[in-house]
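Engineer:
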Amino acid sequence: MAEYLTPLDAGFLGLEDSDQNVSMATGTLAVLEGPMPEHAALAATLAERLGGCPRFGQRLVRHALDLSAPEWVDDPHFDVAHHIGRVAAPAPGGAAELHAVVADVMSWRLDRDRPLWEIWVIGGLSDDRWALLMKVHHCIAGSTAAAHMLTGLSDTGMSHHRPSAAAPPAADRPTHTRPLLDLNPVHWVYNLRGVVELASGLLQPASSPLNGPITSRRRYSAARVPLDGIEQVCRAFEVTVDDVVLAALTESYRDFMIRRGEVPEPDSLRTLVPFSPSSPDAAPTAESRASVLLPRLPVEESNPIRRLLAVRSRLAQAKAGGQRHAARAVISAAGILPVAWSGWAARLFGQLRQRGVVALATNVAGPAEPLQIMGCDVVQVLPVPPIAMQLRAGVSALSYAGDLFIGVLADFEFAAVDELARGLEAAVARLVARSRRRKPLRDWHGLALVRSA
Numbered sequence: 001m002a003e004y005l006t007p008l009d010a011g012f013l014g015l016e017d018s019d020q021n022v023s024m025a026t027g028t029l030a031v032l033e034g035p036m037p038e039h040a041a042l043a044a045t046l047a048e049r050l051g052g053c054p055r056f057g058q059r060l061v062r063h064a065l066d067l068s069a070p071e072w073v074d075d076p077h078f079d080v081a082h083h084i085g086r087v088a089a090p091a092p093g094g095a096a097e098l099h100a101v102v103a104d105v106m107s108w109r110l111d112r113d114r115p116l117w118e119i120w121v122i123g124g125l126s127d128d129r130w131a132l133l134m135k136v137h138h139c140i141a142g143s144t145a146a147a148h149m150l151t152g153l154s155d156t157g158m159s160h161h162r163p164s165a166a167a168p169p170a171a172d173r174p175t176h177t178r179p180l181l182d183l184n185p186v187h188w189v190y191n192l193r194g195v196v197e198l199a200s201g202l203l204q205p206a207s208s209p210l211n212g213p214i215t216s217r218r219r220y221s222a223a224r225v226p227l228d229g230i231e232q233v234c235r236a237f238e239v240t241v242d243d244v245v246l247a248a249l250t251e252s253y254r255d256f257m258i259r260r261g262e263v264p265e266p267d268s269l270r271t272l273v274p275f276s277p278s279s280p281d282a283a284p285t286a287e288s289r290a291s292v293l294l295p296r297l298p299v300e301e302s303n304p305i306r307r308l309l310a311v312r313s314r315l316a317q318a319k320a321g322g323q324r325h326a327a328r329a330v331i332s333a334a335g336i337l338p339v340a341w342s343g344w345a346a347r348l349f350g351q352l353r354q355r356g357v358v359a360l361a362t363n364v365a366g367p368a369e370p371l372q373i374m375g376c377d378v379v380q381v382l383p384v385p386p387i388a389m390q391l392r393a394g395v396s397a398l399s400y401a402g403d404l405f406i407g408v409l410a411d412f413e414f415a416a417v418d419e420l421a422r423g424l425e426a427a428v429a430r431l432v433a434r435s436r437r438r439k440p441l442r443d444w445h446g447l448a449l450v451r452s453a
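Numbering (UniProt numbering), first residue to last: 1 to 453.
(1) Does the count of Cβ pairs from the stretch 103 to 112 and the stretch 206 to 222 closer than 8 Å reach three?
(2) Locate the beta strand (DSSP E) running through His137, then write down its first and last residues.
(3) Would you list the residues sitting across from Val31 in a DSSP beta bridge?
(4) If you count every other CB in all the chains shown that lies within 10 Å of the CB of Ile258, and 16 or more means buried, which is it?
(5) Just tell me which of Ala91, Leu404 and Trp130 has its CA closest to the CA of Glu33.
(6) At which residues does the beta strand (DSSP E) containing Glu251 begin and terminate?
(7) Compute the Euclidean distance between the alpha carbons of Glu369 and Glu71, then round it to the nearest angstrom.
(8) At the level of alpha carbons, what is the spacing between Ala47 and Cys376?
(9) Give me the residue from Glu262, Ala310, Glu265 and Leu294 with the minimum Cα distance to Ala248.
(10) Mapping the DSSP letters down to three states, classify Glu301 as helix, strand or coil.
(11) From which residue to which residue does the beta strand (DSSP E) around Arg218 run?
(12) Would Ser154 be called buried (16 or more neighbouring beta carbons within 10 Å of its own) or exposed?
(13) Should Gln20 go down as buried or exposed, given a rule of 16 or more other Cβ atoms within 10 Å for buried?
(14) With DSSP as the reference, label Val311 as helix, strand or coil.
(15) Would you list, in sequence order, the uninterrupted beta strand (DSSP E) runs of no fewer than 3 residues that lie entirely inside the stretch 95 to 120?
(16) Hey, would you say Leu315 sits closer than 8 Å to Pro295, going by beta carbons?
(17) Relative to the C-alpha of Ala44, which residue among Arg62, Val395, His82 and Gly11 is closest?
(18) Taking DSSP's pairing of strands, which residues face Glu71 in a bridge?
(19) What did DSSP end up calling Thr45 once you bin it into helix, strand or coil?
(20) If I'm right that Ala388 touches Val22 with Cβ under 8 Å, what's the distance once you round it to whole angstroms?
(21) Do you know offhand how far Phe414's Cα is from Pro76's?
(22) How long is the line joining the alpha carbons of Leu391 and Gly212, rounded to whole angstroms?
(23) With which residues is Arg55 paired in a DSSP beta bridge?
(24) Quick check: what's the CA-CA separation for Pro7 versus Phe56?
(25) Would you tell me roughly how many angstroms separate the C-alpha atoms of Asp127 and Arg224, rounded to the nearest one?
(26) Give the secondary structure of Thr151 by DSSP, where H, G and I count as helix, E and B as strand, and everything else as coil.
(27) Is DSSP giving Phe414 helix, strand or coil here?
(28) If we call anything under 8 Å between Cβ atoms a contact, is Pro386 one with Ala25?
(29) Determine, using beta-carbon pairs with one atom in the stretch 227 to 237 and one in the stretch 419 to 436, whether at least three such pairs fall under 8 Å.
(30) Secondary structure at Ile373, three-state DSSP: helix, strand or coil?
(31) Distance check for Arg49 and Leu371, CA to CA, integer angstroms please.
(32) Return the CA-CA distance between Arg86 and Leu404, expressed in angstroms with no decimal places.
(33) Could you round the C-beta distance between Val384 and Ala359 to whole angstroms and report it? I think they count as a contact, below 8 Å.
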C-alpha cells in the first residue's frame, strides 16, 4: 500500500522550499565516554540497529505539479554506509570545538534524492570522549521521536523499543473515527479565536536581532542543569518544567537585551512553543504534533519569582485562548485541500516576513536511565532544533539521566549563542537558590503567594 506524507509533514518540505538557507532537520547529539570503536564495526552495529526503521531505507518521490502528496518508496540504491559520516573536532576537542562541528553539520540540507537522515561519528574530543550526531528530517521524526530513536540505538534499547521512525503496521495505523472537519459552531468560534491570536502574534512587529533573514551557516551552544533542582523549583512555586525553562529563557533574553543597551519592553518577545496534548508514550499523529502556542515572555519583569509566575500565567492563558487547538484545526482543514494548494500555502507561509515571533522553544522528555552504545557510556544527550521562518534562534530542552540539556541553534549572524546558554544556566541556578529560601502559600482566594522561609 502506498504511503504519503501528511499535510503537516509536507509542510516541512514547503518551509525548506520557501528559503534556500533553511534546513528542517532536527538533531540529537550523544556524547560518549570510552575508546571510540573502529569505524567499520561501529557502522555495522548502527546499520543493524537501524534495520527496524523502514523509513531509513526509503526516500520521497514528488509527483508532477504536486497533484498528489509526496510518496514514500523504497530506495533501490540504499546503502547505510552513505549515511554514516566521520569527522574530527579540531584541537583541543572541548565543548566549543564539538559545538562548532554540530553547527557545521546542521547547516546543510539533507539530500532529498536519498533517505532523509545522517549519522555523524565525531572524534578528536578530549577526556577520552567521542560523539554521535543523529540528523533526521522533521518529516520523518520530530524532536520527541528523534530522542526516542537514540534509545533504539543503545545496547539495550533494541530489545524493547520500536524506533519511532518506523512505519506502523497497517493494522496499527489510526483510522478516522470522526468527521474530518468539526461542524460544531461553538468549536469553530473557539478555534477561530485561536487562529486570530496566532496570526496577530506572527504579524505584530517586534524588532529584534533574533529575527530576520537566515544565512546558510549556523552557530550552536548548549547548557546543562540538574533536573532535581528544577523539580525543587516546581514544588516550591507550583509550576511545571516548561514554566521553569521558559522563565530561564526569558531571563537570558532579558539580560541579552540589557547588554545591548535595549530596554526590555512589555510584549516585546514572543516565542513559538510546540505543544502536544498527547501522552509521551502515545503514537505521534498530525494532530498531536501540530499544536503550538505563542506566549508573550515577561522580559520586562526584573524579579525572578514574579517572572516565573508570569510565565506560568501566560502559558495558561495561551492554552485557554484556543491557540493550541487553532493549529490543529488548520492542519485538519489542509487535509481536504488539493496537495498543490497546501504546498503553495506552506511556501508562502515560510516566506512571510513575520516580525512578531523571535524564538522557538521546545522541551522533550528523553531517556531517564543512562544508556550505553557498544559498551561506551552516553554521558550527555543534547538536542539540536531547526530554525526557519526568519527565526534566527531555536532553543530545545531534553532531559536525560537526571539532567536537563538545553541546545541553542542560531543563524551565524546571531553571535550570542554562548551568552544565551550561559544565561540559561545562571537563571535556573537563581531560581533553585530562591526555592531553597522560600515557601509557597495560598491565600484565601486560592492564589499562589511566596514568602521567605
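Glycine included, each C-beta is placed from N, C-alpha and C at the ideal position. All of these numbers come straight from a predicted model, not from anything done at the bench.
Structural biologist: Quick look at the numbers:
(1) yes
(2) Arg129 to His137
(3) Ala131 and Gln380
(4) exposed
(5) Trp130
(6) Note, Glu251: premise wrong, no beta strand (DSSP E); alpha helix (DSSP H) at Val241 to Arg259.
(7) 37 Å
(8) 18 Å
(9) Ala310
(10) coil
(11) Arg218 to Pro226
(12) buried
(13) exposed
(14) helix
(15) none
(16) yes
(17) His82
(18) Tyr4 and Val61
(19) helix
(20) 5 Å
(21) 41 Å
(22) 7 Å
(23) Arg55 pairs with nothing; no bridge assigned.
(24) 20 Å
(25) 18 Å
(26) helix
(27) coil
(28) yes
(29) yes
(30) strand
(31) 15 Å
(32) 27 Å
(33) In fact, because the Cβ distance is near 15 Å, the residues do not count as touching under 8 Å.
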